[in-house]
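Novice: Protein chains in written order, with the numbering used here: chain A, 5 to 353; chain B, 8 to 151; chain C, -7 to 352; chain D, 19 to 186.
First, the structure itself, so that you have it in front of you.
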Amino acid sequence: MIPILSFSEIIELILKVLIFPGLAFPLLFAMIVIWFERKFLARIMLRIGPLHVGPLNRTGLFQPIADFLKLIQKEIIVPDNAYKILYNAAPIIASIVASMSVAFIPYAPKPDGGYWMIYYTPWSLLVILAIFTARPFIMVGAGWASNSKYCTLGAIRAALQLLAYEVPIALSLVSIVIMSRTFDLAKIVEAQSSIWFIILQPIGFIVILIAMMAELSRRPFDIPLAEQEVVFGWPTEYTGTQFALVMVSEYFDLCAVTSLITVLFLGGWSGPAIPILNDVSPILSGVFWFLLKMAILTVIIIMGRGIYPRLRIDQLLDAGWTLLIPLAIIQIIITLFTAQWWIPLLGGV
Amino acid sequence: MVVDIIRPFFIGLYHAFKRTFTVKHPFVRLKPTERYRGRVMLNIDRCISCRSCTNICPNMALEMVKFEKKLVPQYDAGRCCLCNLCVEVCPSMALSMVHEVEFSEYTRKGLIYPPDRFSQPPKPITEKTLTVKILDKKRGVAHG
Amino acid sequence: MSIMKLSMGPQHPITGHFRFILDVDGDLVLKLEPDIGYTHRGIEKLAEKRTYLQNLPLIERVNSYCDSVGTMLGYLEAIEELMGLEVPERAKYLRVIAAELNRIASHLYAACLFSVATGLETMLMWPINDRELILDLLEKLTGQRITYTYPTIGGVRFDMSEGFKEEALKRLDYLEKRTEDYYKMLLWNHTFQIRAKNVGILKPSDAIRLGIVGPNLRASGVKADVRKDEPYEVYDRFDFSIPTGKNGDSYDRLEVRFKEVEQSINILRQAIKDIPKGPIKKWAPPIVPKGEVYTRVEAARGEFGYYIVADGTMKPYRLKMSPPSFRNLIALPYLCRNVPLADVPVIYISLDLIPMDVDR
Amino acid sequence: MTSMEEKVVESIKTRFPEDIIEAKVQRKNRVSISVRSDKIYDVGLFLRDELGFNHITSVSGVDYIDTKEFEVIYNVWAIDGKVLVSLRTKIPRDNPTLKSLIKVWEGAFYHERETWEMFGIKFEGHPNLSLLLLPEDWDGPPPLRKDFLLPDTPQEKLEEKIKRAGGQ
């Protein structure tokens, strides 16, 4: 059955899909984060970073766009013995899958009672978890299809890494669900309207932050992409546009992950209303707080690349199973015992 | 252990607000020190055509050619290793090292300096220049 | 169980101009075979065609971008021993100053490469930045940044310029202060320690048996340093110690280098303080008398040996170099047996092999 | 009170009176011993086990083309005794074979391989005598022999150079 939409609903849907949480937002996020990462890491290393391209006098703001333009002009090289269908499809699937999860994340409440999100479902947490799990399969497929030794090694490492982070993520989500008694992300945010879950569950936050950094293959957990060991891991053979898609899909993932952590632990859009934005629309105020929290998380995740060396795969598995999983279980036990006191204090449930 | 894990975070953050070491090169240039060996320059009037320089040059970067009825060396910057041996051996002090920093050319031919070009002093650096001393002050290295 | 042959390099982010042929089983490296020679320039043969003086710029290019003075000193020692030439005091001090500055630059370079091997790019840039200060200093002293051709037969080329002493002392103070940041960021960083400790352990007996030299030998706990064993130039006049490691793992090899930087700063301060006045160069004849000589010097990467056969002409009859990296090369296949693939770059970089030095 | 250098010379002369051609102290810390080529393995073992020369420094060959001989020199350092011994032997140029000493000093592995490649001296018992520094498709003679002549340094004709430079 096709729901019949009114004109304003159609306009709203188009806005959602094309501009805010939809197509333009992850692209803009990727562009700004790539620029910020380069510039910020350069400052930590006492360098200057991108300098020439773009406005605002030698800030290099448009450097990612210039890089992208350069990459799309390049020839696409397919290795001779590659499994061509999978090889060519993998970057496209990777970027689609990575950008899919923003559709299920509520970014702000609407004044009429709904939420500013593309597709509302009461099981959105489970859907996003499922989408995250799909990513390593694309890596393994692409690595195998490239028919290159380094790609295969990187793909196997990606599959191994899945074992390390997937279980802690699931376990630390359990305590969130116990606390809020729902799988609906919007309801989880509303439950935090009086007190954020980061205060109630600091251990869970640390576990999920570390596990998500492993999921994103950010340093110190960029083992599948380890440049010094396996050249560039599973996307070694990609060139031109395909490489650009692979790179962009990583930042789409970063966007989705920071959004998710913001929703789960940092209270989503909650924050004092900002008068100027509130006058235009109450949605903007919520979005502002949401983006601010995302930005702080992004900085923390990016900092990992500047200050930590990469771990070895056995060390990561070791840390995952002997440190993160026990911590997550401890968090569950604490939550179970203290939930009876906390739950009445939470709003919206 | 936890301290050792968290401390780099703050050190890194602190360094993000320090001054950078890099010089924004095309916009700002660094002035070479006094003794800097950029390339060799010839004083044609002083040259006595003794061939000492062409004999000592390890890479055969110098070659005698005829220029205005006189044998003088011609210089090949592509072969020169800037070792200063020819300057030391020259009996009439006709050769000297000059401060040329950028001598890239589009063709190999451009790196060969015939005597008339060989005896030209390099272009002075016109853009904003920094000396090492000023730079050090900015970096907070040698306070003075 | 199947074994995969993996060819690492020469186009690889970490190996430089090397190629390793690895036998990989899953993530485990069973055997490593180095394939060298990508930067072989035949310097030993070329040196036979050039005069002793013309060889100077050639010889320093054996290991030009890190340690050119340390490389050249052995050659000059050998020629001066054959000639029976006594170098002026001031020149000896200047040679020591240049060599020690070079050693600091080289060890900083080694540290930054090490952090690259583990994936910490910040510590790639910081030592490189501070190495720049040393290079500025050397530019002030010698007129070049990397290939100085500074020492020459019978002395050195240039005297200290005005203000060199003060500037050098200030920079050394800064460097000493700065080392603390390195320790906090790299050596005491727990994540780095678990990557580098207990990786590539080289026992002292093995290190001696394989003929390992330099900081790698000292990291295994063997106190062997040419500067102490048979002092050349004026090293016997300075008060410094030889740092040694305990376990002989990759971490120790880096730590020994950091400690050696401290000792070099110590030597430099003494040398700058004690330097006597006098001439800096003595005239040397172009012909070297007939004879054979073997000299050893402690370059930054270890002991550099020169074996020269002179036949009484202006050109050497045979010039044999035994550079430190070539002698440390044998440790690489020895240590990379049954290690994870991720440890191969760490072990390789911890030995501080420079392809140019290996290949000559 | 005999110094370490003299002690080395004494003991090597008493142990191998027949096979030592010459043994002398060159200067402080340097001892030179030349032996007959067939006994080099035994002398090497003696040096390592009895006299403590344990740290191999270099293996070099010299091509004496006038006397049609190769000289192979093992320079070995004693870490405790602080003496460097040059163990040298001469082998005929037309049949250069020598017993490999990697059983004595394991560190000589790459040194011997390089000497084989550069001089064509065959080391019997060396497990892997293959090209090390030279390119894989090298088929010329061993390059450090004196009869391998380098081409003259590539120096272009004068006129050509001037023409390229656009001079007169």
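Backbone N, C-alpha and C define an ideal beta-carbon position, used for all residues, glycine too.
Remember, predicted model here, so these are calculated numbers, not experimental data.
1. Name, going along the chain, the residues of the segment 140 to 155 of chain C whose beta-carbon falls closer than 8 Å to a beta-carbon of chain B.
2. Let me confirm a value: R87/C is counted as buried when at least 16 other C-beta atoms fall within 10 Å, else exposed. Which label applies?
3. May I ask you to list the residues that DSSP assigns as paired with V103/D?
4. Return the bridge partner residues of H1/D from the DSSP annotation.
5. Does DSSP put G138/D in a helix, a strand or coil?
6. Could you tell me which of E70/B, C97/B, T133/B, K130/B sits nearest to Y120/B, measuring between CA atoms?
7. Please determine if the segment 323 to 338 of chain C and the segment 37 to 49 of chain D are in contact, where contact requires at least 3 C-beta pairs separated by less than 8 Å.
8. For chain E, check one thing: does any of its Cβ atoms lie closer than 9 Å to the Cβ of Y59/D?
9. Please check if any C-beta of chain C sits within less than 9 Å of the C-beta of L315/A.
10. My output table needs one value for I119/B: the three-state DSSP class, helix, strand or coil.
11. Does DSSP put L157/A in a helix, a strand or coil?
12. Let me confirm a value: V35/B is counted as buried when at least 16 other C-beta atoms fall within 10 Å, else exposed. Which label applies?
13. For R310/C, does the three-state DSSP call read helix, strand or coil?
14. Measuring only the C-alpha atoms, how far is T125/D from L168/D?
15. T262/A and M288/A - do their beta-carbons sit closer together than 9 Å?
16. State the Cα-Cα distance for the pair R170/C and K74/A, rounded to the nearest angstrom.
17. Starting from D81/D, follow its DSSP beta bridges and name the residues at the other end.
18. Does any residue of chain D have a CB that is nearer than 9 Å to the CB of L345/C?
19. Taking a cut of 7 Å between CB atoms, which residues from the segment 182 to 206 of chain C lie near chain D?
20. Assign W200/A to buried or exposed, taking buried as 16 or more other Cβ atoms, counted over all protein chains shown, within 10 Å of its Cβ.
21. What residue does the alpha helix (DSSP H) around I122/A start on, and which one ends it?
22. Grab me the residues of I18/A's own chain with a C-beta within less than 8 Å of its C-beta, minus the 5 sequence neighbours each way, in chain order.
23. For L176/D, which residues in the same chain have their Cβ closer than 8 Å to its Cβ, ignoring the five residues on either side in sequence?
24. Thinking C-beta only, is L264/A closer than 9 Å to S399/A?
25. Against chain B, which members of the segment 32 to 51 of chain A pass a CB distance test of less than 7 Å?
26. Note down, in chain order, every chain A residue with its Cβ under 8 Å from the Cβ of H4/C.
27. Determine, using beta carbons only, whether L68/C and G283/C come nearer to each other than 9 Å.
28. Measuring alpha carbon to alpha carbon, tell me which residue in V291/A, V284/A, A107/A, G53/A is nearest G26/A.
29. When the Cα atoms are used, what is the spatial distance from P347/C to H99/C?
30. Answer yes or no: does any C-beta atom of chain D fall closer than 9 Å to that of R53/C?
31. Show which residues of chain A have a CB atom less than 7 Å away from the CB atom of K25/B.
32. Select from the segment 289 to 311 of chain A all residues with a C-beta closer than 9 Å to any C-beta belonging to chain C, and list them in chain order.
33. Quick one: Cα of S253/A to Cα of W39/A, how far?
34. Output yes if chain B places a C-beta closer than 9 Å to the C-beta of R62/A; else output no.
35. Spatial neighbours of R11/C within its chain, please: C-beta separation below 6 Å, excluding the five flanking residues on both sides.
36. Would F24/A and Y111/A qualify as a contact pair, given that the criterion is a beta-carbon distance under 9 Å?
Specialist: To lay it out plainly:
1. T141, R149, F150, S153
2. As a position in the third sequence, residue 87/C is number 95, starting the count at 1. Answer is buried; the Cβ neighbour count reaches 16.
3. Counted from its first residue, the fourth sequence places residue 103/D at position 85. According to DSSP, which records beta bridges pairwise, V103/D is partnered with V49/D, V94/D.
4. Outside the shown range of chain D, which is 19 to 186, sits residue 1/D, and nothing can be said about it.
5. Along the fourth sequence, one-based indexing puts residue 138/D at 120. In the structure shown, G138/D sits in coil (DSSP, three-state: anything other than H, G, I, E or B).
6. If you number the second sequence from 1, residue 120/B lands on position 113. For the residues E70/B, C97/B, T133/B, K130/B, the minimum Cα distance to Y120/B belongs to E70/B.
7. no
8. Among the protein chains of the structure shown, namely A, B, C and D, there is no chain E.
9. For the purposes of this step, residue 315/A is taken as the residue at position 311 of the first sequence. True, the Cβ-Cβ gap to chain C drops below 9 Å.
10. Sequence index remark: in the second sequence, residue 119/B carries index 112 (1-based). Of the three classes helix, strand and coil, the one that applies to I119/B here is strand, per DSSP.
11. Taking the first sequence and counting its residues from 1, the one referred to as residue 157/A is at position 153. Three-state DSSP puts L157/A in a helix.
12. Indexing the second sequence from 1 puts residue 35/B at position 28. The residue is exposed, with fewer than 16 neighbouring Cβ atoms inside 10 Å.
13. On the third sequence, position 318 is the one that residue 310/C refers to. The answer is strand: DSSP assigns R310/C an E or B state.
14. By one-based count along the fourth sequence, residue 125/D stands at place 107. By one-based count along the fourth sequence, residue 168/D stands at place 150. Looking at the sequence itself, residue 125/D is Gly, so the reference to Thr does not match. One C-alpha to the other measures close to 31 Å.
15. Against the first sequence, residue 288/A aligns to sequence position 284. Against the first sequence, residue 262/A aligns to sequence position 258. Residue identity differs from the one stated: residue 288/A is Leu in this sequence, not Met. Cβ atoms of L288/A and T262/A: not closer than 9 Å.
16. Translated into positions along the third sequence, residue 170/C becomes position 178. Translated into positions along the first sequence, residue 74/A becomes position 70. If I take the Cα positions, the gap works out to 39 Å.
17. The residue you call residue 81/D lines up with position 63 of the fourth sequence. Answer is F88/D, bridged to D81/D.
18. On the third sequence, residue 345/C is found 353 positions in, with the first residue counted as 1. No, no contact with chain D.
19. I200, R201, L202, G203
20. By one-based count along the first sequence, residue 200/A stands at place 196. W200/A is buried by the Cβ-count criterion.
21. The sequence position of residue 122/A within the first sequence is 118, counting from 1. Counting along the chain, I122/A falls outside any alpha helix (DSSP H), and DSSP gives it neither H nor E.
22. Locating residue 18/A in the first sequence gives position 14, where the first residue counts as 1. Once the five neighbours on either side are set aside, I18/A has no close Cβ partner at all.
23. Your numbering for residue 176/D matches position 158 in the fourth sequence. Low confidence applies here, because L176/D scores a pLDDT of 48, under 50, leaving its location unreliable and the question unanswered by this model.
24. As shown, chain A starts at 5 and ends at 353. That puts residue 399/A outside it, with no answer to give.
25. F44, R47, I48, L50, R51
26. Numbered from 1 along the third sequence, position 12 holds the residue referred to as residue 4/C. Here the neighbours are V235.
27. Here residue 68/C is taken as the residue at index 76 of the third sequence, counted from 1. Here residue 283/C is taken as the residue at index 291 of the third sequence, counted from 1. Taking 9 Å as the Cβ cut-off, L68/C and G283/C do not qualify as a contacting pair.
28. Counting from 1 along the first sequence, the entry for residue 26/A is found at position 22. Checking every option, the nearest Cα to that of G26/A belongs to A107/A.
29. Within the third sequence, the letter at position 355 stands for residue 347/C. Within the third sequence, the letter at position 107 stands for residue 99/C. Straight-line Cα distance between these residues: approximately 16 Å.
30. Working through the third sequence from its first residue, we reach residue 53/C at position 61. Taking Cβ atoms only, chain D never reaches closer than 9 Å to R53/C, which makes this a no.
31. Counting from 1 along the second sequence, the entry for residue 25/B is found at position 18. Within chain A, the residues near K25/B are L50.
32. R309, G310, I311
33. The residue you call residue 253/A lines up with position 249 of the first sequence. The residue you call residue 39/A lines up with position 35 of the first sequence. Each residue's alpha carbon lies about 15 Å from the other.
34. Looking up residue 62/A in the first sequence gives position 58. It does; some Cβ of chain B falls within 9 Å.
35. In the third sequence, residue 11/C corresponds to position 19, counting from 1. These residues qualify, in order along the chain: G1, P2, D27.
36. Looking up residue 24/A in the first sequence gives position 20. Looking up residue 111/A in the first sequence gives position 107. The answer is yes: Cβ separation under 9 Å.
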